[in-house]
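So the sequence shown is residues 9 to 194, counted in the numbering used here. Worksheet for the structure shown next.
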Amino acid sequence: MMTLLTLCYEFFLTGLFAIGGGLATLPFLTQMSVKYPEWFTAEKLVNMIAISESTPGPIGVNMATYVGFEVFGIPGAVLATLSLVLPSLIVIVIIARAMEKYRQSPLVNTVFTGLRPVVTGLIAAAGYSVLEIVLGLGQGFQNFPWLNAGVLIAIFVLSQIKPLKKLHPILFILLGAALGIALGLE
Numbered sequence: 009m010m011t012l013l014t015l016c017y018e019f020f021l022t023g024l025f026a027i028g029g030g031l032a033t034l035p036f037l038t039q040m041s042v043k044y045p046e047w048f049t050a051e052k053l054v055n056m057i058a059i060s061e062s063t064p065g066p067i068g069v070n071m072a073t074y075v076g077f078e079v080f081g082i083p084g085a086v087l088a089t090l091s092l093v094l095p096s097l098i099v100i101v102i103i104a105r106a107m108e109k110y111r112q113s114p115l116v117n118t119v120f121t122g123l124r125p126v127v128t129g130l131i132a133a134a135g136y137s138v139l140e141i142v143l144g145l146g147q148g149f150q151n152f153p154w155l156n157a158g159v160l161i162a163i164f165v166l167s168q169i170k171p172l173k174k175l176h177p178i179l180f181i182l183l184g185a186a187l188g189i190a191l192g193l194e
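Structure, rendered in structure tokens:
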């Protein structure tokens with residue numbers, strides 16, 4: 009029971025402090041994988057991200073549901089998801105009321121402008137953590153997964169080509185999955 013409360017507490021904190029959307033939950037999840045390796049490892053986190061990104065819904069909610077289910081089944085999935093969403097619900101109601109009153113305040117605008125680079129930095133740090141795991145950075149070049157890196161670069165380049173930018177992201181996910189199967193990537 010205490011561990012279920014711990015799960016709720018951790019996801020409540022994640023929901024409270026992950027400012028900037030679902031990807032902003034990644035640093036918290038990375039920290040959770042270190043703090044509670046019995047829940048999930050950093051390597052498993054990469055798979056969870058892939059699954060959460062390729063399923064409908066916000067990644068943060070998908071990740072909370074996934075972790076909760078992995079650790080405590082359906083009750084864990086429901087409670088982790090509710091714990092993640094509850095702070096946002098509370099905060100957004102408070103902010104909506106305050107924004108009505110202080111919409112033109114220079115201080116409010118300055119605070120939001122200051123939050124943007126912080127959130128971007130947190131997302132970049134989490135992205136680098138995922139990249140380290142996927143590409144095995146730090147393990148030397150003899151074990152470097154060149155095919156994985158090639159697929160990553162190919163998908164990135166394709167997604168930046170102007171006519172292809174209009175394609176739905178799921179098509180790139182499906183292309184990456186097909187390449188992974190065809191090339192036998194691990």
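Beta carbons are placed, not taken as given, at the ideal position from N, Cα and C, and that holds for glycine.
Measure the alpha-carbon distance for residue 55 versus residue 37 and round it to whole angstroms. Taking the sequence shown and counting its residues from 1, the one referred to as residue 55 is at position 47. Taking the sequence shown and counting its residues from 1, the one referred to as residue 37 is at position 29. When rounded, the distance between both Cα atoms is 13 Å.
Restricting to Cα atoms, I'd like to know which of 42, 172, 191 is closest to residue 137. Position 129 of the sequence shown holds residue 137. Comparing Cα-Cα distances from residue 137 to each of 42, 172, 191, the minimum goes to 42.
Closest Cα partner of residue 11 within the set 100, 88, 110, 175: In the sequence shown, the residue the question calls residue 11 occupies position 3. Looking at the Cα atoms, 88 is the closest of the given residues.
DSSP three-state assignment for residue 80, whether helix, strand or coil: Residue 80 sits at position 72 when you count from the first residue of the sequence shown. Reduced to three states, the DSSP call for residue 80 is helix.
Spell out a yes or no on whether the stretch 88-104 and the stretch 15-28 are touching, meaning 3 or more CB-CB pairs, one atom from each, closer than 8 Å. yes
Is the stretch 52-66 touching the stretch 100-110 in the sense that three or more CB pairs, one from each, lie closer than 8 Å? no
For residue 128, count neighbouring Cβ atoms within 10 angstroms of its own Cβ and tell me buried if that reaches 16, exposed if not. Along the sequence shown, one-based indexing puts residue 128 at 120. Classification of residue 128: exposed, given that the 10 Å Cβ count is below 16.
Between residue 68 and residue 114, what straight-line distance do the alpha-carbon atoms span, to the nearest angstrom? On the sequence shown, position 60 is the one that residue 68 refers to. On the sequence shown, position 106 is the one that residue 114 refers to. If you take the alpha carbons of residue 68 and residue 114, they lie about 31 Å apart.
What's the gap between the Cα of residue 44 and the Cα of residue 130? For the purposes of this step, residue 44 is taken as residue 36 along the sequence shown, with counting starting at 1. For the purposes of this step, residue 130 is taken as residue 122 along the sequence shown, with counting starting at 1. Cα to Cα, the separation comes out at about 20 Å.
Give the straight-line distance between the Cα atoms of residue 179 and residue 160, rounded to the nearest whole angstrom. Residue mapping note: residue 179 aligns to position 171 of the sequence shown, counting from 1. Residue mapping note: residue 160 aligns to position 152 of the sequence shown, counting from 1. Answer to the nearest angstrom: the Cα atoms are 14 Å apart.
Whole-angstrom distance between residue 162 and residue 176, CA atom to CA atom: To locate residue 176, count along the sequence shown from 1; it is residue 168. To locate residue 162, count along the sequence shown from 1; it is residue 154. One C-alpha to the other measures close to 16 Å.
For residue 45, three-class secondary structure by DSSP: Within the sequence shown, numbered from 1, the residue matching residue 45 stands at position 37. Note: residue 45 maps to coil in three-state DSSP.
Suppose the cutoff is 7 Å on Cβ atoms and the five residues either side in sequence are ignored; what does the same chain contact list for residue 48 look like? By 1-based counting over the sequence shown, the position of residue 48 is 40. The answer, listed in chain order, is 41, 56, 75, 78.
Alpha carbon to alpha carbon, how far is residue 181 from residue 121? Taking the first residue of the sequence shown as position 1, residue 181 is located at position 173. Taking the first residue of the sequence shown as position 1, residue 121 is located at position 113. When rounded, the distance between both Cα atoms is 32 Å.
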